Amino acid sequence: MDFLAEGFLGAFNVIRSGDPEFLNILLVTARTSGLSILMASLMGFPLGVALGAFRFPFRRSVRLISDSLLSVPTVVVGLFVYALISNRGPFGRAQLLFTVEGMAIGQAVLALPIVVSLTASAVESVDQRLVMTLKTLGARGLRLLGSVMLEMRHHLLMTLMTAYGRVVAEVGVSMMIGGNIRWHTRTITTAVTFEASRGNFGMAMALGLVLLLISALLNGAISFLKGRWRP
Amino acid sequence: MDFLAEGFLGAFNVIRSGDPEFLNILLVTARTSGLSILMASLMGFPLGVALGAFRFPFRRSVRLISDSLLSVPTVVVGLFVYALISNRGPFGRAQLLFTVEGMAIGQAVLALPIVVSLTASAVESVDQRLVMTLKTLGARGLRLLGSVMLEMRHHLLMTLMTAYGRVVAEVGVSMMIGGNIRWHTRTITTAVTFEASRGNFGMAMALGLVLLLISALLNGAISFLKGRWRP
Amino acid sequence: MRAVMEAMGLQFGYGAGLQVVADRLVLGEGRIMGLIGPNGSGKSTLLKLLALLLPPQEGRILFMGDDVRGREGALRGQVTMLLQEPYLLKRSVYSNVAYPVRSMPDREDRIREAIRMVGLGDGFLDRPWYRLSGGEAQRVALASRLALHPRVLILDEPVSSVDREGAQVVRDAILSARERWGTSVLVTSHQPSWLSGLCDGFWTMGEGRLSGPYGLKGDEVVP
Amino acid sequence: MRAVMEAMGLQFGYGAGLQVVADRLVLGEGRIMGLIGPNGSGKSTLLKLLALLLPPQEGRILFMGDDVRGREGALRGQVTMLLQEPYLLKRSVYSNVAYPVRSMPDREDRIREAIRMVGLGDGFLDRPWYRLSGGEAQRVALASRLALHPRVLILDEPVSSVDREGAQVVRDAILSARERWGTSVLVTSHQPSWLSGLCDGFWTMGEGRLSGPYGLKGDEVVP
Amino acid sequence: WLGVPASASQVLRMATTTSTEATGLLDVIAREFRADTGIDLQWVAVGTGKALEYGRRGDVDVVWVHDPEQEERFQAEGHGVNRRRTMYNDFVIVGPSWDPAKVRDAKSAREAFGRIQMSGSVFVSRADRSGTHMAELRLWGKVPTRQDRWYLESGQGMMETLLMAQEKGGYTLTDRATFTKYLEKAPKGLEILFEGDGVLRNQYSLMAVNPARHDNVRYHLAVKFINWVCSRRGQSLIGDFKISGRQIFFPNAQGGGTQ
Ligand SMILES: Nc1ncnc2c1ncn2[C@@H]1O[C@H](COP(=O)(O)OP(=O)(O)OP(=O)(O)O)[C@@H](O)[C@H]1O
Ligand SMILES: Nc1ncnc2c1ncn2[C@@H]1O[C@H](COP(=O)(O)OP(=O)(O)OP(=O)(O)O)[C@@H](O)[C@H]1O
Ligand SMILES: [Mg+2]
Ligand SMILES: [Mg+2]
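Printed below as a string of structure tokens:
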């Protein structure tokens, strides 16, 4: 119990201190998760909408794969991406190992099935009249896709929050691809793991709480936005 | 790349061998995730539906907390539960540390926000007429809740799959609370992490693929079920 | 004649927009009353208040002489409503009609009776919810309310999508509900001819304000 | 008179149930044709086929003499349809009406014109989608189709929730669409009196089979 | 930016074990090395097995690990060159203060292990083929199996294993560095019950990744680093490094030369 209290105090101190190393960790975390969520959204939302709204060959197989990948352990993704971008891997030349970009790719792989499956599921249960209505109004192609997504904005936001949660909370990929290198690829979660493995439970707790605080602020902002949109 | 191929072969061999240690790991994994999903569902679905459908004091705060906890790192949950159930913790007497039950509690804490937030979000965007219709037909209390949930069965299933994915893929809690003790609390993901940490990337990959295969079978079964329900 | 439902000094508004006001409304036992008014005059809103689906911001509603406040859940089922845009549960027609009467011993009889009253054959009972046309769905939704044998039946444009013959069938169903179960009915429609062949009297809505009753033979409504 | 739309040997069925069959249907330019038939006879299904929303299982559809196959996306907008249960986008009324004409230079004029044609004031433009009554929503949905100035306007029970005055307004709107833009119209309704004051002729549906046209003055329809 | 040390022109990548990082030694080494040479040392701290795996694939330039057997295999396979002894510390046997197996009275490490085995007290093993685990395996007379219910295999790092031993009231074998760190956090937990046997020595060595195998590795930087650590300056930094006033690592590069 002692380190829970220590964690709360620690979180406060860490934030107040503005320690440059801490700021660096924040920055790395933000860059990695931002980049990965961006990649996962750009690929995942269109694919998810397509899976939910249109019939095409292998649709069920793609969906099954995406659903199954919801339970892929981060370490496996880490290993997989590592195999591809390590020096000996096919993309070794790109020098992505132990970089923020490499971590972001791995995290995007992790977030993608969440975005795809949750979006597809939401589109499937969207009002059947929506797509027909948009078609009667002359929408097609990208505009149709965009309008369907806009109509489901609450769902997509929730999907995004879930994917963000998955990405920002994961350790396996960041550790394996990023390597938890101080000043370079140390994220909040790898730092938490690192501190915990050193027995610095108080510090681990403190960093974890800071992450939660950031997420709470983000969610607060989003909930404010949603309030302005109405149901 | 080499160890990817090794992983595929390894997965095949591991399954074929029926090695008792492997079977034990499967059993521990199934018991832990089954128990945690059960706990998270029993608490999460009613809470989620309530958050989405009814107004009550602190509703927005509870929702915000749940949304924020989507991004709680597993290690933090691990530490938190550890603090509570370790010998020196308030629930130390219950002897839950390094047991399947202890792991399941930790994983339930992890799954709960997913169940609550995704359910609440789904209920919020469910057809406004649904609750009114159920009320005009005389439903109230638990029956109303149950009927709303039945009407959103696809969503709830997807929520469950997401929570299952989170739980079955996580390492932090299982490591911290379970301790990855061979023959006792070693799950597929802690085994994967363990093998990877020893540099046995091929074996880690193999176990990860086995997990994916299990998830694929589970999803196949569910997709078959859904097919019988229609949209 | 007794009053089944009474409303006094009702007021309700959705934030900025229209304010629905009903100073006094009485629904006598076995009465079939129409509610007419232009689009957006507040008819649906008033009906939802009386069906205990929206809480009034001012005023009281009595059922059989007692205030309904706090008993809304228990009274629904005795007071039921067909929404303007009916919603069917994602189940079979049978399950939809069976839903409100699930635990009643004479369930099967009620279901068959109700589905016939709205002019659909027993063959419809096996259909899933999505294999229905607009008019068929509206009739199924009505059937599930009729299965309840309600004391008060509130109908918001029950024949908007129903064909001409169907409209006659629905009218007969409403009349026979009154006859067999003493049901009191409050019904809106934009088809005056249909309504006038059914109702004992009318209320009108205009910009949220209720007036009436009109067209009653005598003044049998007790205050 | 030219045929804007023609259908030959159309067939469509939802798996086991009703099979919709239309051997021959011609919609002449500037024609307003009614489609009548009982509930579940397949009217909405036929209209969706003609509005290029469902792909026919058999037969061909021609628009201005050419087969529509493969050009459905491009033709929608010229051929538009008001669904039986209209769906409004979760935006303001303005955005709903503006949606189909977003990129047109005379957008603002079209929006204002359309909303007035359905009898709603400009004040409605600012309303969010949920602040509408059933009839208001139906009118807004119609307005967004009128803003398109379509060649073919397919209306599935456009006045089911609209009040009596509103029904006249909608009839006038349809007539003036024909007059100003040469729009051809195919419309269903369960209110024969409303329909007969509007249409040049009728088709009827019975158990999925189309017959007609009936009630035309002369035989101006070219094959 | 944001407090990152101004980007260095040259970066050296190392894979190392958790104990060197967790104690904080590497922070000191990296800082001084940078001051002396301008080279930016970046490291990934993992188990010895994984560290060597990174080396095998040419993803790092140098490895700093502590398992002679695996190091030799690594070298024999042609992955590592220029292997140098750098420092050592020792393993100690720790357990609960009430010492149910009477390990305190043992004359040798092997005897201590025998007593644990006889008494059936809980022993937590890392069981991860780390340097520590390999040392442990050498100490058992008959290696415990699944039937020995007192023998728990944690498969985790040293700190986690120590905590598990504490919770279970059991024994374990640990390197002194991690244990010193552990004592800082849990002063009333486990105690050192046996130490000082020669078989308990824990040797750390540096090795460059073979540039003939991987053309991208920065071999000249690796060699520079190895030489620097083995120099008088590097060695005295290691010797001076203390936690709670206690020396953790003992430099022993002088005279060792390339192995
Ligand atoms: N959920 C709502 N939120 C806000 N305003 C609403 C809501 N529902 C209805 N309104 C407003 O209340 C007014 C009355 O709506 P109501 O549905 O009661 O009208 P109505 O008389 O039933 O009309 P109609 O004949 O078209 O069904 C409408 O003008 C609408 O703007
Ligand atoms: N999505 C669907 N899936 C399966 N069957 C359907 C579907 N939609 C309609 N049907 C079936 O097709 C038949 C014709 O439906 P349709 O909606 O075309 O009738 P309609 O003539 O428009 O009736 P109404 O006057 O009630 O609107 C119905 O009996 C219904 O069972
Ligand atoms: Mg209404
Ligand atoms: Mg229809």
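Chains as they are written, first to last, in my numbering: chain A, 1371 to 1601; chain B, 1371 to 1601; chain C, 1409 to 1631; chain D, 1409 to 1631; chain E, 11 to 269. Glycine included, each C-beta is placed from N, C-alpha and C at the ideal position. Since the model is a prediction, treat every value here as computed from it, not as a measurement.
- Runs of the alpha helix (DSSP H) lying entirely within the segment 1467-1506 of chain A, each at least 4 residues long, are 1470-1494 and 1498-1506 in chain order.
- Fully contained in the segment 39-118 of chain E are the following alpha helix (DSSP H) runs of length 4 or more, in chain order: 58-66 and 78-86.
- Residue contact check for D/H1598 against chain C: a CB pair falls below 9 angstroms.
- Under the 8 angstroms Cβ criterion, the segment 1578-1594 of chain A counts as touching the segment 1422-1441 of chain B, having at least three qualifying pairs.
- Taking 9 angstroms as the CB threshold, C/G1481 lines the interface with chain B.
- Per the CB criterion, closer than 6 angstroms to any heavy atom of ligand 3, the qualifying residues run in chain order as C/K1451, C/S1452, C/Q1492, C/D1564, D/S1541 and D/G1542.
- At a cut-off of 8 angstroms, the beta-carbon of D/P1464 does not count as near ligand 2: no heavy atom of the ligand is closer than that.
- Residue environment analysis places A/G1380 among the buried positions, since at least 16 neighbouring C-beta atoms fall within 10 angstroms of its C-beta.
- Counting C-beta atoms within 10 angstroms of its own C-beta, A/F1571 has 16 or more neighbours from the protein chains shown and is therefore classed as buried.
- Counting along the chain, E/L216 sits inside no alpha helix (DSSP H); it lies in the beta strand (DSSP E) bounded by residues R211 to V219.
- In its chain, beyond the 5 residues on either side, I1484 have a beta carbon closer than 6 angstroms to the beta carbon of A/T1532.
- Residue range K1451 to L1458 is occupied by the alpha helix (DSSP H) that includes D/S1452.
- Under the 10 Å beta carbon count, E/T155 is surrounded by fewer than 16 other beta carbons and is classified as exposed.
- Chain-ordered, the chain E residues with CB closer than 7 angstroms to the CB of A/N1457 read R67, G68, D69, H224 and N226.
- With respect to chain B, the C-beta atom of E/M128 has no partner C-beta closer than 9 angstroms.
- By the Cβ neighbour-count rule, E/E194 is exposed, with fewer than 16 other Cβ atoms within 10 Å of its own.
- Chain C has a Cβ within less than 9 angstroms of the Cβ of B/S1517.
- Contact annotation: in the segment 1477-1503 of chain C, residues whose CB is within less than 7 angstroms of a CB in chain B are G1481, R1484, G1485, T1488, M1489, L1491, E1493, Y1495, L1497 and K1498.
- With a cutoff of 8 angstroms, C/S1569 counts as near ligand 4, since its C-beta is closer than that to a heavy atom of the ligand.
- Around the beta carbon of B/L1412, fewer than 16 other beta carbons sit within 10 angstroms, so the residue counts as exposed.
- At a C-beta separation below 8 angstroms, E/V54 has these neighbours in chain A: F1468, G1549, N1550 and I1551.
- The beta carbons of D/M1416 and D/A1459 sit about 17 angstroms from each other, so the pair does not count as a contact at 8 angstroms.
- Identification of chain D residues near C/R1432 by a Cβ-Cβ cut-off of 8 angstroms yields none; the smallest Cβ-Cβ distance measures about 23 angstroms.
- Residue environment analysis places B/Q1477 among the buried positions, since at least 16 neighbouring C-beta atoms fall within 10 angstroms of its C-beta.
- Within the segment 1430-1471 of chain B, there are no complete beta strand (DSSP E) runs of at least 3 residues.
- Apart from the 5 residues on each side of it in sequence, D/Y1502 sits with its Cβ closer than 8 angstroms to the Cβ of I1519, L1533 and D1534 in its chain, given in chain order.
- Of all alpha-carbon atoms in D/A1430, D/Q1546, D/R1479 and D/G1473, the one lying nearest the alpha-carbon of D/L1455 is that of D/A1430.
- By the CB criterion at 9 angstroms, C/T1453 and C/V1428 fall inside the cutoff.
- Between the alpha carbons of E/F84 and E/R66 lies a distance of about 8 angstroms.
- Only those residues of the segment 1382-1396 of chain A whose C-beta falls short of 7 angstroms from the nearest C-beta of chain E are listed: P1390, E1391, L1393 and N1394.
- When beta bridges are read from the DSSP output, E/S135 appears opposite E/E163.
- The beta carbon of C/K1456 falls within 9 angstroms of a beta carbon belonging to chain B, placing the residue at that interface.
- Proximity to B/E1471 across B/F1424, B/R1401, B/S1387 and B/V1446 peaks at B/R1401, based on C-alpha coordinates.
- In this structure, the beta-carbon distance from C/L1496 to C/V1548 falls below 9 angstroms.
- Beta-bridge partners assigned by DSSP to C/L1490: C/L1563.
- Counting C-beta atoms within 10 angstroms of its own C-beta, A/F1426 has fewer than 16 neighbours from the protein chains shown and is therefore classed as exposed.
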